[in-house]
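Residue numbers (this note's numbering), protein chains in the order written: chain L, 43 to 236; chain D, 208 to 319.
Here's what the structure looks like:
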């Protein structure tokens with residue numbers, strides 16, 4: 043149990059670090075390349091290009107380069123010359139380590155993503171429209187400002203909006219809840235009377 | 208991060224409660240000791256007295272559900288905040304990663 047206490051404190055510290063870090067605009071470096079934050083717009087680019095890092099599937103080396111280009115500070119749809127030079131330079135990346143690093147980065151960005159329930163409903167618009175609508179209505183921010191928000195930041199805003207409007211929806215702390223879950227499973231596995 | 212409290216168990220700022228033989232971690236626990244007030248007024252409708260009767264205590268909590276477990280059912284018994292209660296309402300289960308949670312409402316069990 044002492045070990046769980048340590049794990050809990052470590053998880054709580056990491057949670058705070060990731061949440062605060064999302065607001066600090068710290069320099070980001072992935073696989074040795076400078077990167078811009080994963081904003082809603084860049085996330086949408088990756089979704090649109092069916093990146094296996096976000097849409098599921100096995101990422102190949104070209105998907106590593108694709109991901110890094112979408113986060114490159116000079117990313118654009120038309121600067122193909124810079125893109126081609128960048129992709130060439132990605133040839134030196136160690137593939138397996140890069141996949142692990144990018145997956146861990148995405149995991150961190152999505153730590154505060156909304157919880158899910160068993161209820162399924164049809165979608166009648168892009169998720170980007172829902173995102174802009176929710177934040178614009180609540181805070182009055184422009185579409186451009188919202189699309190340039192790092193994902194780790196807007197997930198926290200969405201949490202606050204949900205907590206304000208639907209106070210009965212449970213809130214999650216992904217990292218510390220994971221440790222609590224281990225604890226809970228241990229005490230439920232104990233025979234009665236011990 | 209400073210611990211809110213630290214016993215020999217893990218759930219900081221929360222409490223383990225057992226419902227129907229399953230342990231849950233309860234957070235955001237709220238227990239209200241309710242009172243029904245009967246107001247007395249004079250012929251001019253001005254307050255002239257009141258009687259307070261202890262009413263059913265009620266409560267609510269967010270419950271973390273163990274892996275492979277399920278949310279409690281209405282009618283299950285639980286001790287919440289030192290008061291023996293019945294589960295009176297349970298929300299749909301939400302999940303994030305391996306954690307599953309629901310909210311539950313409780314009403315005091317009156318010993319016959």
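Note that CB positions come from ideal geometry on N, CA and C, so glycine has one too.
Taking the alpha helix (DSSP H) that residue i falls in, what are its first and last residues?
i	result
residue 156(L)	Here residue 156(L) belongs to no alpha helix (DSSP H), and DSSP marks it neither H nor E.
residue 177(L)	169-181
residue 103(L)	103-112
residue 147(L)	137-151
Using only the alpha-carbon positions, how far apart do residue i and residue j sit?
i	j	result
residue 56(L)	residue 145(L)	17 Å
residue 187(L)	residue 68(L)	19 Å
residue 64(L)	residue 196(L)	9 Å
residue 106(L)	residue 295(D)	51 Å
residue 269(D)	residue 139(L)	39 Å
residue 155(L)	residue 184(L)	22 Å
residue 182(L)	residue 239(D)	38 Å
residue 171(L)	residue 51(L)	38 Å
Listing by chain order, which chain L residues have their CB less than 9 Å from the CB of residue i?
i	result
residue 277(D)	The contacting residues do not exist; residue 277(D) stays about 12 Å from chain L at best.
residue 223(D)	225, 226, 229
Give the residues of chain L in contact with residue i, contact being defined as C-beta atoms less than 7 Å apart.
i	result
residue 264(D)	Going along chain L, no residue has its Cβ under 7 Å from residue 264(D), so there is no contact; the nearest lies around 19 Å.
residue 268(D)	The contacting residues do not exist; residue 268(D) stays about 10 Å from chain L at best.
residue 298(D)	210
Pull up the CB-CB distance for residue i and residue j, whole angstroms please, since I reckon it's below 8 Å.
i	j	result
residue 221(L)	residue 86(L)	Not quite, the Cβ-Cβ distance comes to about 33 Å (not below 8 Å), so this is no contact.
residue 224(D)	residue 287(D)	6 Å
residue 216(L)	residue 153(L)	5 Å
residue 223(L)	residue 277(D)	So it is not a contact: roughly 15 Å between Cβ atoms.
residue 95(L)	residue 103(L)	In fact, because the Cβ distance is near 13 Å, the residues do not count as touching under 8 Å.
residue 302(D)	residue 157(L)	6 Å
Which residues in the same chain as residue i place their Cβ atom closer than 7 Å to its Cβ, once the five residues preceding and following it in sequence are excluded?
i	result
residue 308(L)	The question about residue 308(L) has no answer here: the residues shown for chain L are numbered 43 through 236.
residue 129(L)	107, 111
Output, in chain order, the set of chain D residues within a Cβ distance shorter than 9 Å of residue i.
i	result
residue 158(L)	301, 302, 303
Residues of chain D with CB under 7 Å from residue i, in chain order?
i	result
residue 226(L)	230, 232, 271, 273
residue 212(L)	269, 301, 308, 309, 310
residue 74(L)	The contacting residues do not exist; residue 74(L) stays about 29 Å from chain D at best.
Please list the terminal residues of the continuous beta strand (DSSP E) segment that includes residue i.
i	result
residue 124(L)	That residue, residue 124(L), is in no beta strand (DSSP E); its alpha helix (DSSP H) goes 122-131.
residue 239(D)	229-239
Take residue i and list the residues in its own chain whose beta-carbon comes closer than 6 Å to its own, dropping the five residues that flank it on each side.
i	result
residue 78(L)	113, 115
residue 289(D)	none
residue 310(D)	269, 298
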